[in-house]
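Student:
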Amino acid sequence: MGVFNRMRALTGVAVLGCVTAPITLGQQPTFDAASVKVVKLASHPVFGNKGGPGTSDPGRIHLCCVGMFSLLMRAYGVEIDQIIGPSWIMDNMGPNLYQVDAMMPADTTKAQFQLMMRNLLAERFHLEVHYEKRNFPGYELVVAKGGPKLKESKPDPNFADPDKPPAPKRNADGTFALPPGPQMLTTLGGGLIIVRAQEKPLGDLVKVMGRMIAQSLGENINDFASPKPRVLDRTGLAGTYDFTLTFSCEGCQFGETNRGNTNGASGPPPTPTDSPSGVPDIFVAIQKELGLKLVKTKDVPVDIIVVDRVDKIPTAN
Numbered sequence: 021m022g023v024f025n026r027m028r029a030l031t032g033v034a035v036l037g038c039v040t041a042p043i044t045l046g047q048q049p050t051f052d053a054a055s056v057k058v059v060k061l062a063s064h065p066v067f068g069n070k071g072g073p074g075t076s077d078p079g080r081i082h083l084c085c086v087g088m089f090s091l092l093m094r095a096y097g098v099e100i101d102q103i104i105g106p107s108w109i110m111d112n113m114g115p116n117l118y119q120v121d122a123m124m125p126a127d128t129t130k131a132q133f134q135l136m137m138r139n140l141l142a143e144r145f146h147l148e149v150h151y152e153k154r155n156f157p158g159y160e161l162v163v164a165k166g167g168p169k170l171k172e173s174k175p176d177p178n179f180a181d182p183d184k185p186p187a188p189k190r191n192a193d194g195t196f197a198l199p200p201g202p203q204m205l206t207t208l209g210g211g212l213i214i215v216r217a218q219e220k221p222l223g224d225l226v227k228v229m230g231r232m233i234a235q236s237l238g239e240n241i242n243d244f245a246s247p248k249p250r251v252l253d254r255t256g257l258a259g260t261y262d263f264t265l266t267f268s269c270e271g272c273q274f275g276e277t278n279r280g281n282t283n284g285a286s287g288p289p290p291t292p293t294d295s296p297s298g299v300p301d302i303f304v305a306i307q308k309e310l311g312l313k314l315v316k317t318k319d320v321p322v323d324i325i326v327v328d329r330v331d332k333i334p335t336a337n
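According to this note's numbering, the stretch in the sequence shown is residues 21 to 337, in order.
1) Please state whether the Cβ-Cβ distance between proline 339 and phenylalanine 133 is less than 7 Å.
2) Nearest CA to the CA of valine 330: which residue from Gly79, Ser173 and Asn139?
3) Output the boundary residues of the beta strand (DSSP E) element that contains alanine 54.
4) If you drop the 5 nearest sequence neighbours on each side, which residues of the same chain put their C-beta closer than 6 Å to that of isoleucine 214?
5) Using the Cβ count rule (16 or more neighbours within 10 Å means buried), how would you classify proline 42?
6) May I have a chain-ordered list of the beta strand (DSSP E) segments no shorter than 3 residues that lie completely inside the segment 102-159?
7) Which value, in whole angstroms, describes the spacing of the CA atoms of aspartate 224 and aspartate 111?
8) At a cut of 8 Å, does the segment 306-320 reach the segment 69-89 through at least three beta carbon pairs?
9) Determine the direct distance from the alpha carbon of threonine 129 to that of isoleucine 81, and round the result to whole angstroms.
10) Return helix, strand or coil for lysine 227, following the three-state DSSP convention.
11) What whole-angstrom Cβ distance do alanine 122 and phenylalanine 51 have, given they're in contact under 8 Å?
12) State the Cα-Cα distance for the pair tryptophan 108 and lysine 169, rounded to the nearest angstrom.
13) Taking the Cβ atom as the reference point for each residue, do phenylalanine 263 and alanine 336 lie within a distance shorter than 7 Å?
14) Express the C-alpha separation of tyrosine 159 and phenylalanine 303 in angstroms, rounding to a whole number.
15) Starting from the Cα of histidine 150, find the closest Cα among Met93, Ile104, Ile100 and Met136 and give me that residue.
16) Opposite glutamate 172 in the DSSP bridges: which residues?
17) Runs of 3 residues minimum, wholly inside the segment 60-106: which ones carry the beta strand (DSSP E) assignment?
18) To the nearest angstrom, how far is it from the Cα of proline 292 to the Cα of valine 322?
19) Can you check DSSP and say which residues form a bridge with methionine 232?
20) Assign glutamine 48 to one of three DSSP states: helix, strand, or coil.
21) What does the Cβ neighbour count give for glutamate 270, buried or exposed, with the cut at 16 atoms within 10 Å?
22) State the DSSP-derived secondary structure class of arginine 198, mapped to helix, strand or coil.
23) Terminal residues of the continuous beta strand (DSSP E) containing alanine 217?
24) By alpha-carbon positions, which one of Gly114, Leu222 and Leu117 ends up nearest to threonine 255?
25) Measuring CA to CA, which of Leu147, Asp328 and Met204 is closest to serine 173?
26) Run through DSSP, which three-state label would lysine 313 get?
27) Consult DSSP for lysine 248 and reduce its assignment to one of helix, strand or coil.
28) Glycine 209 lies in the beta strand (DSSP E); which residues open and close that run?
29) Measure the alpha-carbon distance for glutamine 273 versus glutamine 235 and round it to whole angstroms.
30) Quick check: the Cα distance between serine 90 and proline 202, rounded to an integer number of angstroms?
31) Exposed or buried, what is proline 247 when buried is set at 16 or more other beta-carbons lying within 10 Å of its beta-carbon?
Structure follows, in structure tokens:
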């Protein structure tokens, strides 16, 4: 069953509203200039994204090589499990990859950029969507008894550009050392997830914590039909912090993901217990290591983007 049908078949998910909202050209800001093309992997393109609002190059953006779901995430500010559509839009390994280069005023805001992306997708891919509300499993992140154990960041005064950190170096144990500037590096493997953060607000951790909860519980995070928990920050902690969080993860594969300058089950969470290896799950680890606590709460209503139409091949530049 495809992603579209599987998502529609979800049980226990409430559809709270549905408003048809096709994108209409001329009603939103547009890029000054834009190029969109299908990537040919045989030509060995250089993967990577750069530029845009909030970076050192705010007047342009370069995306290569991204799937349709990635473009939709950027355009609508959603996570991957908030997108419903044909199964091919979730492909990020096959023929449906794109390169986008665009120019915009240097003072473009993130909200304006998202509208430009929506307009571009409507023009070049004939994108049409509508919106729904669905309930996702919810947790609240609160300060545990005894108070937080987070270390306030002390930024390097000699480091000026968070968009251009020096190349990371490896520690003696083979892991990457964090370069100067705001960084969050997640290492997976050997049944563990290790999150190392530097000069990062808790909000950056909260954004990906639902995915981490699912991983710690042994769920298949690549099953996009299963909504991942949403975590609400109730700590009241507004600083930037340096911290390490290590917890058990059933079936994790080796690899590292840089989340520096940046994805559940209903009912009560399982009883926190240490894993057979002695490494706790995320519920215990976050309390022991960060002085915080995850508390199950009522389901969280989340906006869903339902793709009614989108072409695989963009119109010519």
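In this text, a Cβ means the ideal position worked out from N, Cα and C, and glycines have one as well.
Tutor: The relevant details are as follows:
1) As shown, the chain starts at 21 and ends at 337. That puts residue 339 outside it, with no answer to give.
2) Position 310 of the sequence shown, counted from the first residue, corresponds to residue 330. Valine 330 has its Cα closest to that of Asn139, out of Gly79, Ser173 and Asn139.
3) Along the sequence shown, read from residue 1 onward, the residue named residue 54 stands at position 34. Start and end: 53-58.
4) On the sequence shown, position 194 is the one that residue 214 refers to. Answer for isoleucine 214: Thr207 and Thr266, listed in chain order.
5) Taking the sequence shown and counting its residues from 1, one reaches residue 42 at position 22. Its pLDDT being 42, under 50, proline 42 is placed unreliably by the model, and the measurement read from it follows with that caveat. By the neighbour-count rule (16 or more Cβ atoms within 10 Å), proline 42 is not buried but exposed.
6) 118-123
7) Taking the first residue of the sequence shown as position 1, residue 224 is located at position 204. Taking the first residue of the sequence shown as position 1, residue 111 is located at position 91. Spanning the two alpha carbons is a distance of roughly 26 Å.
8) no
9) The residue labelled residue 81 in the question sits at position 61 within the sequence shown. The residue labelled residue 129 in the question sits at position 109 within the sequence shown. In a straight line, the C-alpha of isoleucine 81 is about 13 Å away from that of threonine 129.
10) For this step, residue 227 is matched to residue 207 along the sequence shown. Helix.
11) Sequence index remark: in the sequence shown, residue 122 carries index 102 (1-based). Sequence index remark: in the sequence shown, residue 51 carries index 31 (1-based). With a Cβ gap of about 4 Å, alanine 122 and phenylalanine 51 count as contacting.
12) As a first step, residue 108 must be located in the sequence shown, where it is residue number 88. As a first step, residue 169 must be located in the sequence shown, where it is residue number 149. Cα to Cα, the separation comes out at about 44 Å.
13) In the sequence shown, the residue the question calls residue 263 occupies position 243. In the sequence shown, the residue the question calls residue 336 occupies position 316. No, the pair does not count as a contact, with Cβ atoms beyond the cut-off.
14) For the purposes of this step, residue 303 is identified with residue 283 of the sequence shown, where counting begins at 1. For the purposes of this step, residue 159 is identified with residue 139 of the sequence shown, where counting begins at 1. Rounded to the nearest angstrom, the two C-alpha atoms are 11 Å apart.
15) As a first step, residue 150 must be located in the sequence shown, where it is residue number 130. Histidine 150 has its Cα closest to that of Ile104, out of Met93, Ile104, Ile100 and Met136.
16) As a first step, residue 172 is located in the sequence shown; it is residue number 152 there, counting from the start. Answer is Tyr261, bridged to glutamate 172.
17) 68-71 and 80-86
18) Counting from 1 along the sequence shown, the entry for residue 292 is found at position 272. Counting from 1 along the sequence shown, the entry for residue 322 is found at position 302. Only weak support is given to the placement of proline 292: the predicted model assigns it a pLDDT of 39, under 50, and the question is left unresolved by the model.
19) As a working note, residue 232 is residue 212 in the sequence shown. Its beta-bridge partners do not exist; DSSP assigns none.
20) For the purposes of this step, residue 48 is taken as residue 28 along the sequence shown, with counting starting at 1. DSSP places glutamine 48 in coil when its eight states are reduced to three.
21) Counting from one through the sequence shown, the residue named residue 270 turns up at place 250. Exposed.
22) On the sequence shown, residue 198 is found 178 positions in, with the first residue counted as 1. The residue you asked about is not arginine; residue 198 is leucine in the sequence shown. Here leucine 198 sits in coil by DSSP.
23) Taking the sequence shown and counting its residues from 1, one reaches residue 217 at position 197. 212-221 is the extent of the beta strand (DSSP E) around alanine 217.
24) Mapped onto the sequence shown, residue 255 falls at position 235. Residue Leu222 is the option with its Cα nearest to threonine 255.
25) For the purposes of this step, residue 173 is identified with residue 153 of the sequence shown, where counting begins at 1. Per the Cα distances, Met204.
26) Taking the sequence shown and counting its residues from 1, one reaches residue 313 at position 293. Three-state result, lysine 313: strand.
27) What you label residue 248 is simply residue 228 of the sequence shown in a count that begins at 1. Three-state DSSP puts lysine 248 in coil, outside helix and strand.
28) Counted from its first residue, the sequence shown places residue 209 at position 189. 203-209 is the span of the beta strand (DSSP E), which, as asked, contains glycine 209.
29) Taking the first residue of the sequence shown as 1, we reach residue 273 at position 253. Taking the first residue of the sequence shown as 1, we reach residue 235 at position 215. With a pLDDT of 48 at glutamine 273, under the threshold of 50, the predicted position of this residue should be treated as unreliable, though the coordinate-derived value follows. Their backbone Cα atoms lie some 11 Å apart in a straight line.
30) As a working note, residue 90 is residue 70 in the sequence shown. As a working note, residue 202 is residue 182 in the sequence shown. Those two C-alpha atoms are separated by around 23 Å.
31) What you label residue 247 is simply residue 227 of the sequence shown in a count that begins at 1. So proline 247 ends up on the buried side.
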